[in-house]
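Okay, structure first, notes after.
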Amino acid sequence: MNITLATCTAADIARHQEDLIDLLRDAVESGASVNFLLPFPAAEAAAYWSKVAAEVAGGERVVIVALEAAGRVVGCAHLALAGQPNGAHRAEVQKVLVHRRARRQGIARRLMQQVEQAARAAGRTLLVLDTETGSPAEALYTQMGYTRAGSIPDFAIRNDGGGLLATTLFYRRLS
Ligand SMILES: CC(C)(COP(=O)(O)OP(=O)(O)OC[C@H]1O[C@@H](n2cnc3c(N)ncnc32)[C@H](O)[C@@H]1OP(=O)(O)O)[C@@H](O)C(=O)NCCC(=O)NCCS
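Below, the structure is given as structure tokens:
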């Protein structure tokens with residue numbers, strides 16, 4: 103699959119909204135713990151992406167997308183820039199998503215590399231993230247050089263409502 107990466111403006115997010123809704127719903131429906139519960143209506147996903155577009159416009163968030171040759175979005179990764187005065191060196195990696203039809207081709211690895219470039223460009227030298235304990239994403243972040251800081255039991259409700267899931271916190275220094 104021929105994939106290019108692009109950093110989105112708010113207008114790009116609006117232009118790709120249909121694909122982005124599909125990407126997020128695909129992740130939730132695949133069982134991923136990405137903040138939302140099933141059933142996950144398109145309107146809820148649309149509201150999420152509108153909020154994201156506003157944060158991009160406000161300079162609080164960077165959104166990188168993976169585009170296949172036809173220009174359709176098959177993946178994304180976000181960098182939420184900490185806004186606190188004492189956190190100006192820090193950012194959180196969020197919503198690393200690759201559509202099921204495009205997984206295991208190195209797209210997430212490329213998105214993570216691009217996120218790190220964006221962090222450096224924004225003067226951010228500490229990246230933090232959390233992910234479901236035992237999920238495939240844990241292997242991704244470990245492979246990308248992130249350090250496991252610890253695990254919190256019962257952190258999130260399973261997306262089918264059937265119990266609670268632990269999360270693992272990771273960090274990476276970019277110096
Ligand atoms: C996690 C996710 C982003 C990986 O995307 P991907 O493009 O398939 O990942 P890559 O092909 O770049 O894989 C990079 C590395 O991650 C690890 N990895 C990815 N998927 C894996 C899986 N299903 N099982 C085990 N390890 C996996 C491997 O170490 C892999 O390296 P390798 O292929 O050399 O073994 C994707 O499965 C996804 O979107 N999942 C649902 C959403 C989610 O959970 N996101 C994380 C939220 S924090």
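Per the working numbering: the sequence shown = residues 103 to 277.
Note that the Cβ used here is the ideal one computed from N, Cα and C, for glycine as well.
On a predicted model such as this, the values are computed, not experimentally measured, just so you know.
ask   = Going straight from the alpha carbon of I209 to that of L122, what length do you get?
value = Linking I209 to L122 through their CA atoms gives a straight-line distance of about 16 Å.
task = Quick one: give me the first and last residue of the beta strand (DSSP E) that P238 is part of.
result = Per DSSP, P238 belongs to no beta strand (DSSP E); it is in the alpha helix (DSSP H), 238-245.
query = In the DSSP assignment, what residue or residues form a beta bridge with A258?
reply = L267
request  = Ignore the nearest five residues each way along the sequence and tell me which others in A179's own chain have a CB closer than 6 Å to its CB.
outcome  = I166, V198, L213, V217
key: Complete beta strand (DSSP E) runs within the segment 211-241 (minimum length 3 residues, chain order)   = Scanning the segment 211-241 for uninterrupted beta strand (DSSP E) segments of 3 residues or longer gives 228-234, listed from N- to C-terminal end.
ask   = What residue does the beta strand (DSSP E) around A184 start on, and which one ends it?
value = Taken as a continuous stretch (DSSP letters only), A184 belongs to no beta strand (DSSP E), as it is neither H nor E.
query = So, helix, strand or coil for Q196, using DSSP?
reply = Secondary structure of Q196 (DSSP, three-state): strand.
query = What did DSSP end up calling A134 once you bin it into helix, strand or coil?
reply = coil
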